[in-house]
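Mapped onto mature numbering (1 follows the signal peptide of the UniProt record, and there is no 0), the consecutive letters of the sequence shown carry residue numbers -18 to -1, 1 to 517. Accompanying notes for the structure given below.
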Amino acid sequence: MLFKISLIIFLAVQTALAATAEQWRGRSIYQIVTDRFALPSGASPNACDPGQQTWCGGNWNSIRQNLDYVQNAGFTAIWISPVNQNYEGPRSAYGDPYHGYWMADVSKLNSRFGTADDLKALSAELHRRNMFLMVDIVVNNVMATSKTPDYSTYLFKDASMYHPFCPIQWGNTTSEQECWLGDDKVPLPDVDTRNPTVIAQYGDWIQDLVKEYNIDGLRIDAAKHVNIDFWPGFCAKASVFCMGEVFGGAAVDPIAMYQGPQALDSVLNFPMYSALLSGFSIPGPQNISAVVDVFQQSKVKFKDTGLLGNFLENQDLPRWHNLSVDPQSMYNAMAFNFMSDGIPVVYYGQEQGFSGNADPFNREPLWPSNYTLTPAYELVTNLNKLRNFLVNTTDWAKQETQILTTSPYGIAIMKGPVISVLTNIGSPPQNGTHIAVKTPYPSSTAMINILTCQQWAVGSGGMIDAQYTLGGVPVILTPSDYLVGSGLCGTQLGATANAGGKAASLASFARPAFSHSVIPLALMWTVLVFCISFS
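See below:
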């Protein structure tokens, strides 16, 4: 009897500790295409050509074995490819389902990526490192090779649980939600997510998946192709953070409607991605006004900009370096994503300067890079180090970003104590080009650029002036006192501010030392063993 009670306690506490939106607010995410991140230990390097659209050998074990590369860059979460069973028939017109998005029976795992124990081991290792696991899921559709598939091989085995075939009429919401994605070569039958049986089975499935593999968050593929009122109940069953893909452009309204209690916790920030592309991708005076416009609209129209997923690349878009050969254009745009409101998401290989065009060429293998600590990797490491320090010692993640100034050459923003001066002029030095910024700091306030550790001093009237005689590098300024304990720029890691300093003490603002899934492994098993001992 006591054993049964202890098991109930175990499960109840585990569910209660599911990772919430607030716990995700301060995270940074490294997105991984499972097949392309790393080869298993002992495997011979292979010639992985993305254009061949086939498997290259990465799996859950190889991710687990190479987590140091991710954690050492400061990331506190990973997002991996869908884990569920994919199409297992003959090679399709678009290759093999190496990417994980061609759903078959979602109640089963994708054997190409490993076993149940392998996925559990990855989850456990992430939680041992105090990192979160986000899993990509596909709810909208399955994959077929004809418009009249044999539904007996899927979770939903009756044709009545799918919408009849129809081609999508883009711009028509009903059509986008009920007609089929894909094409004649690879049709994607659309699941009827208004069907009560579908709703119930999907709810049970996601609840079981999250619990079984201790998943902390979900990235939801093609979220806008599902009726919006499906999501609150589904995510309630999952009991974890839900971030949806609502593919779009610079328009804020069609994407903002998917964030909130009527839909999802979060969406990927396509409007800001589009604006950053306009403002930073090509060196020279660009469309910074697009960034300002999206920024201002987002404040009003999104439920919570602090939970949006900020990105510059993903598995569906051309690599940034394919669109811009100037590295500083990417560095400045990356800095914006880390130092403004939202959760930064970096697509694997971005830190290596990969330059593939859209699918499938943007899904390169990472191992030929030898996991080199490139300048972009070092930039991300420093941005993460500062961001993680502020998140863990203050309420920085909840503070709203402000725009201090804009010019044809860039933008200056402030979030908490941090001022970021970001430019679009590119790498070549430009004498006479500068961005003058009026700050709220008194004259002579000591500042540090955390990317160079150069000391700055605020000038008369609170002014600072970023000059570009060495090229268009990002400038991230923090009052020197705020860096105490950060480990940045020669400061001691973990120390608190001195009596006269501005930095918040760790004791005042630190989060609890535990996180979701660390306690289930420590406390719950203790409770379980204790109860068994007295049964």
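Heads up, the beta-carbon is just placed ideally off N, CA and C, and yes, glycines get one too.
- For Asp172, the secondary structure class from DSSP, reduced to helix, strand or coil, is strand.
- Going by DSSP, Gly414 is part of the beta strand (DSSP E) stretching over Gln412 to Lys420.
- Cβ contact annotation for Lys420 (same chain, cutoff 8 angstroms, sequence separation greater than five): Leu386, Thr387, Gly443, Gly444 and Met445, in chain order.
- Straight across, the Cα-Cα distance linking Ser74 with Leu21 is about 24 angstroms.
- Ranked by how close their Cα comes to the Cα of Gln241, the residues Ser389, Cys224, Asp275 and Thr434 have Cys224 in first place.
- With distances taken between CA atoms, Arg111 lies nearest to Ile60 out of Ile60, Gly226 and Asp166.
- Bounds of the beta strand (DSSP E) holding Thr388 are Gln384 to Ser389.
- The secondary-structure analysis by DSSP pairs Lys397 across a beta bridge with Val400.
- In the three-state scheme derived from DSSP, where H, G and I count as helix and E and B as strand, Ala59 is classed as strand.
- Counting other Cβ atoms within 10 Å of its Cβ, Leu372 reaches 16 or more and is therefore classed as buried.
- Relative to Asn296, the option among Ser311, Tyr329 and Gln310 whose CA is nearest is Tyr329.
- By the beta-carbon neighbour count (other beta carbons within 10 angstroms, threshold 16), Asn344 is buried.
- Membership of Arg46 in the alpha helix (DSSP H) is indicated by the continuous run Trp42 to Arg46.
- Rounded to the nearest angstrom, the Cβ distance from His145 to Asp165 is 16 angstroms, too far for a contact under 8 angstroms.
- Cβ-Cβ distances below 6 angstroms link Phe318 to Leu404 in the same chain, with the five nearest sequence neighbours on each side left out; the list follows chain order.
- The beta carbon of Leu115 sits closer than 6 angstroms to the beta carbons of Ser105, Leu108, Ile197 and Asp198 from its chain, once the five residues preceding and following it are set aside; these are given in chain order.
- With respect to Ile432, Ile458 sits close: the two C-beta atoms are nearer than 8 angstroms.
- Tyr51: not part of any beta strand (DSSP E); member of the alpha helix (DSSP H) spanning Leu49 to Gln53, first to last residue.
- Two segments are said to touch when three or more pairs of C-beta atoms, one from each, lie closer than 8 angstroms; by this definition the stretch 405 to 416 touches the stretch 260 to 271.
- Runs of the beta strand (DSSP E) lying entirely within the stretch 195 to 226 and spanning at least 3 residues, in chain order: 199 to 203 and 223 to 226.
- The alpha helix (DSSP H) runs lying completely inside the stretch 257 to 326 and spanning 4 residues or more are 270 to 283, 302 to 305 and 309 to 321, given in chain order.
- Asp190 counts as exposed, since fewer than 16 other beta carbons sit within 10 angstroms of its beta carbon.
- It is roughly 13 angstroms from the alpha-carbon of Glu346 to the alpha-carbon of Gln13.
- Distance from the CA of Gly8 to the CA of Ser134, rounded to the nearest whole angstrom, comes to 43 angstroms.
- In the three-state reduction of the DSSP assignment, Ile11 falls in the strand class.
- Under the three-state reduction of DSSP output, Thr405 falls in the strand class.
- For the pair of segments examined, the stretch 72 to 86 was found to touch the stretch 115 to 133: the number of CB pairs separated by less than 8 angstroms reaches three.
- DSSP places Asn68 in the strand class (E or B) of the three-state scheme.
- Under DSSP, Leu475 takes part in a beta bridge, and its partners are Gly467.
- Boundaries around Ala238 are those of the alpha helix (DSSP H), Asp235 to Ala238, since no beta strand (DSSP E) includes it.
- In the structure shown, the three-state DSSP call for Val180 is helix.
- The DSSP-derived three-state label of Met143 is helix.
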